[in-house]
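Visitor: Residues in the sequence shown are numbered from 83 upward in steps of one, following this note's numbering. Idealized CB from N, CA, C, for every residue including glycine. The structure follows.
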Amino acid sequence: MPNSFPPIPSLEEFKSMLRKRNLKATSQRLAVHAAMAALVHASADMVTEYIRANSTVKVTPSSVYNILAQLALCGIYKYRLSANNKMYFDVCSSRHLHMYDVANHTFRDLPVDEMLDLVHERLGKKRFRGYKVEGVDIVILARPNKKQ
């Protein structure tokens, strides 16, 4: 999949993912997914703010966090910890690269390229005593240019 961005699951795909995991498509879960589709990488606070500004669904920060954590635990979303110890969630659970802005504490998807394929190929065959490689998560750390 050279130079392509990971797809964001549509609302129908999201509902199908929920059904496969015996989870109901509640209005809160659908609102969280709509917010995540717009934000792509976000904390529970960011998702809560987005829902309050763009939806009639009532949510609390704790309910949003619980929904996001549940979706990450069942593999629909991914989660990652930022350098400022804040939990961010990623709407795309497929294999892809990230760039992390260390100054603004934001994540950004990068196109999947041959480098990721090569790393997966090499590490997937490598043996670590007592461990099996489940996957590779590459995060490129970056800082904005002063010119911006």
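Could you check if Phe210 is buried or exposed, using at least 16 other CB atoms within 10 Å of its CB as the buried criterion?
Guide: Exposed, by the Cβ-count rule.
Visitor: Quick one: give me the first and last residue of the beta strand (DSSP E) that His180 is part of.
Guide: Here the beta strand (DSSP E) through His180 covers 179 to 183.
Visitor: Determine whether the beta carbon atoms of Phe189 and Tyr170 lie at a separation below 8 Å.
Guide: Cβ distance < 8 Å, so Phe189 and Tyr170 count as in contact.
Visitor: Can you tell which of Ile149, Ser137, Met181 has the C-alpha that lies nearest to the C-alpha of Ala224?
Guide: Here the closest residue by C-alpha is Met181.
Visitor: Within its chain, find whatever has a CB closer than 8 Å to the CB of Lys198; leave out the 5 residues flanking it on each side and keep chain order.
Guide: The question names Lys, but residue 198 is Leu in the sequence shown. Arg177, His178, Leu179, Val218, Ile220.
Visitor: Report the three-state DSSP secondary structure of Leu163 (helix, strand or coil).
Guide: Residue state, collapsed to three classes: strand.
Visitor: In the DSSP assignment, find the unbroken alpha helix (DSSP H) run with Tyr170 in it and report its ends.
Guide: Segment 169 to 172 is the beta strand (DSSP E) holding Tyr170; no alpha helix (DSSP H) there.
Visitor: Please classify Val215: is it buried, with 16 or more other beta-carbons within 10 angstroms of its beta-carbon, or exposed?
Guide: Classification of Val215: exposed, given that the 10 Å Cβ count is below 16.
Visitor: For His202, I'd like the list of residues in its chain whose CB is within less than 6 Å of its CB, leaving aside the five on either flank, ordered along the chain.
Guide: The residues are Val218.
Visitor: When burial is assigned at 16 or more other CB atoms within 10 Å of the CB, is Ser125 buried or exposed?
Guide: Classification of Ser125: buried, given that the 10 Å Cβ count is 16 or more.
Visitor: Suppose you measure from the CA of Gly212 to the CA of Leu205; what does that come to, to the nearest Å?
Guide: The alpha-carbon atoms of Gly212 and Leu205 are separated by roughly 15 Å.
Visitor: Look at the Cβ atom of Ala113, then the Cβ atom of Ile90, and state whether they are nearer than 8 Å.
Guide: Taking 8 Å as the Cβ cut-off, Ala113 and Ile90 do not qualify as a contacting pair.
Visitor: Are the beta-carbon atoms belonging to Met118 and Val173 less than 8 Å from one another?
Guide: In contact: Met118 and Val173 (Cβ atoms closer than 8 Å).
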